[in-house]
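The sequence shown begins at 72 in our numbering and counts up by one.
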Amino acid sequence: MRDLEVLIAVAEQGHIGRAASQRALTQPAVTKAIQRLEAEAGHPLFVRTPKGVVLTVEGDALLRRAREVRLALEQGRREINDLAAGHRGEVRFGLDPNLVTFFALEVCPHLPTGESAARISATTDSNQTNADALGRGELDFVFGAYPTSLQKGLAFETLVEDRIVVIARSDHPARMLPRPEARDLLAYSWAMADAGAFSRLRLEHTFSQHGLAAPKIGFESNSLPLILATVAGTDLLGYQPRYVLLDQARDGSVAELPTTGVDSPRIIGLLTRDGGYLPPAAATVCDVIRLRATARLVPVRDQGS
């Protein structure tokens, strides 16, 4: 396994010297480890370049397997520790930014407390970023929308369906239009999350399906409260899950702008490693999420368009 760890380090660093520093080894020791692996594989694993080294096709194949082995060992260690600790331990999961309030208010109060409570570590990021981290073994599961692309080895469990809708301040000029279409909204700029966010990708896809240029982004932030405040105080439009309006815009300063052919479905659920180890503490959190999501998020789907 030590040689495989060296392989991973060299592949990630792209340089023998940097990999040696990362692993606290000498460069000759790193070189010998790679040579042993190449002898066992019967093929070169790296080729040299002016800037360092890059994987060969055979090296890339071995790298994938090396990461799988490392992840399996890490999961094995956690499983052993969990068996000794019961439901104690640490839960590491990814959380959709739009579901932060829901998790805090609807899930946290129902989690175990006291000596049996696990330490919970939540990473709030885009669904695709969280999915990638899950694939690398950095997270136990992800609670959010269906990722942009579902990589091999991951499984998605659908819980509820929401819709992403256009939002605007209560007296926005676009409200004078009877159910505007995408073309009617080209005149306005948008307040959106970063380029990798699911809602932004869906909006761009919707405009593209109508043969239109991508919407103009006038304000960009990964802070949902800041986006809502910006939409409430300007002529910028937003594109957010309907649940966000029910949960975080109850004062009416921002509301859905009824449109024709612009809103999009948004599937919310749990993303896990297919066949991977899910610690008991993480399984408990997932069970609570299932119960609360079914109870609290289902009505969102039934709202009128």
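By construction, the Cβ of each residue, glycine as well, lies at the ideal position given by its N, Cα and C atoms. Note that the coordinates shown come from a computational prediction; the quantities given were computed from them, not determined experimentally.
- Could you check if Glu139 is buried or exposed, using at least 16 other CB atoms within 10 Å of its CB as the buried criterion? One-based indexing of the sequence shown puts residue 139 at position 68. Taking a 10 Å sphere around the C-beta of Glu139, we find fewer than 16 other C-beta atoms and assign the residue as exposed.
- Label Val237 either buried or exposed according to how many other C-beta atoms from any shown protein chain fall within 10 Å of its C-beta, with 16 as the threshold for buried. The residue labelled residue 237 in the question sits at position 166 within the sequence shown. So Val237 counts as buried.
- Message: Could you give the first and the last residue of the continuous beta strand (DSSP E) run that contains Glu111?
- Response: Position 40 of the sequence shown, counted from the first residue, corresponds to residue 111. According to the DSSP assignment, Glu111 belongs to no beta strand (DSSP E) but to the alpha helix (DSSP H) extending over 98-112.
- Task: Please say whether Ile87 and Val124 have beta carbons closer to each other than 8 Å?
- Result: For the purposes of this step, residue 124 is identified with residue 53 of the sequence shown, where counting begins at 1. For the purposes of this step, residue 87 is identified with residue 16 of the sequence shown, where counting begins at 1. Taking 8 Å as the cut-off, the beta carbon of Val124 is found closer than this to the beta carbon of Ile87.
- Whole angstroms is fine: what's the gap from Leu274's alpha carbon to Thr102's? In the sequence shown, counting from the first residue as 1, residue 274 sits at position 203. In the sequence shown, counting from the first residue as 1, residue 102 sits at position 31. C-alpha separation (whole angstroms): 49 Å.
- Among Asp74, Leu362, Pro351, Ile360, the one whose alpha carbon lies nearest that of Glu161: Against the sequence shown, residue 161 aligns to sequence position 90. Scanning Asp74, Leu362, Pro351, Ile360 for the CA closest to the CA of Glu161 turns up Pro351.
- Query: What residue range is occupied by the uninterrupted alpha helix (DSSP H) comprising Arg73?
  - Reply: The residue labelled residue 73 in the question sits at position 2 within the sequence shown. 73-84 is the span of the alpha helix (DSSP H), which, as asked, contains Arg73.
- Out of Ile360, Thr355, Gly208, point me to the one whose CA is closest to Leu341's CA. Here residue 341 refers to the residue found at position 270 of the sequence shown. The shortest Cα separation from Leu341 among Ile360, Thr355, Gly208 belongs to Ile360.
- Query: For the alpha helix (DSSP H) that contains Leu225, what are its first and last residues?
  - Reply: Position 154 of the sequence shown, counted from the first residue, corresponds to residue 225. For Leu225, no alpha helix (DSSP H) run applies; the uninterrupted beta strand (DSSP E) run containing it begins and ends at 225-240, by DSSP.
- Are at least three pairs of beta-carbons, each pair with one atom in the region 225-233 and one in the region 247-265, less than 8 Å apart? These segments do not touch.
- Item | Helix, strand or coil at Leu166 [DSSP, three-state] | Position 95 of the sequence shown holds residue 166. Leu166 carries a strand assignment under DSSP once its states are collapsed to helix, strand and coil.
- Message: Which of the three DSSP states is assigned to Val356 in this structure?
- Response: The sequence position of residue 356 within the sequence shown is 285, counting from 1. Three-state DSSP puts Val356 in a helix.
- Query: For Arg148, which option in Ala364, Tyr348, Asp358, Arg363 has the closest C-alpha, if you only look at C-alpha atoms?
  - Reply: Translated into positions along the sequence shown, residue 148 becomes position 77. The option with the nearest alpha carbon to Arg148 is Tyr348.
- Task: Would you grab the beta carbon distance between Ser260 and Leu307 for me? Rounded to a whole angstrom, and I think it's under 8 Å.
- Result: For the purposes of this step, residue 260 is taken as the residue at position 189 of the sequence shown. For the purposes of this step, residue 307 is taken as the residue at position 236 of the sequence shown. Right, the Cβ-Cβ distance comes to about 5 Å (below 8 Å), so this counts as a contact.
- Task: Can you grab the Cα-Cα spacing for the pair Glu177 / Ser335, in whole Å?
- Result: Taking the sequence shown and counting its residues from 1, the one referred to as residue 177 is at position 106. Taking the sequence shown and counting its residues from 1, the one referred to as residue 335 is at position 264. Rounded to whole angstroms, the gap between the alpha carbons of Glu177 and Ser335 is 25 Å.
- Item | Contained beta strand (DSSP E) runs [length at least 3] in the region 242-288, N- to C-terminal order | Listed in chain order, the beta strand (DSSP E) elements of length 3 or more contained wholly in the region 242-288 are 261-263.
- Roughly how many angstroms lie between the CA atoms of Ala137 and Glu76, to the nearest whole one? Residue numbering aside, residue 137 sits at position 66 when the sequence shown is read from its first letter. Residue numbering aside, residue 76 sits at position 5 when the sequence shown is read from its first letter. Going from the Cα of Ala137 to the Cα of Glu76 covers about 8 Å.
- Task: For Arg377, I'd like the list of residues in its chain whose CB is within less than 8 Å of its CB, leaving aside the five on either flank, ordered along the chain.
- Result: Here the chain covers residues 72 to 376 and nothing more, so residue 377 does not appear.
- Query: Can you tell me the Cα-Cα spacing of His114 and Leu108, whole angstroms?
  - Reply: If you number the sequence shown from 1, residue 114 lands on position 43. If you number the sequence shown from 1, residue 108 lands on position 37. Using only the alpha carbons, I get a separation of about 9 Å.
- Query: Apart from the five residues on each side of it in sequence, which residues of its chain come closer than 6 Å, Cβ to Cβ, to Ile288?
  - Reply: Counting from one through the sequence shown, the residue named residue 288 turns up at place 217. Correct list, in chain order: Trp261, Met263.
- Message: Does the structure place the region 196-204 close enough to the region 212-225 that three or more beta carbon pairs sit under 8 Å?
- Response: Between the region 212-225 and the region 196-204, the count of Cβ pairs shorter than 8 Å is three or higher; the stretches touch.
- Exposed or buried, Leu297, counting other C-beta atoms within 10 Å across all chains shown (16 or more means buried)? As a first step, residue 297 is located in the sequence shown; it is residue number 226 there, counting from the start. Exposed is the call here.
- Where does Gly346 fall in DSSP's three states? By 1-based counting over the sequence shown, the position of residue 346 is 275. Taken through DSSP and simplified to helix, strand or coil, Gly346 comes out as coil.
- Task: Measure from the alpha carbon of Gly346 to the alpha carbon of each residue in Leu133, Val302, Val333, Lys223, then state which is nearest.
- Result: Position 275 of the sequence shown holds residue 346. For Gly346, the closest alpha carbon among the candidates Leu133, Val302, Val333, Lys223 is that of Lys223.
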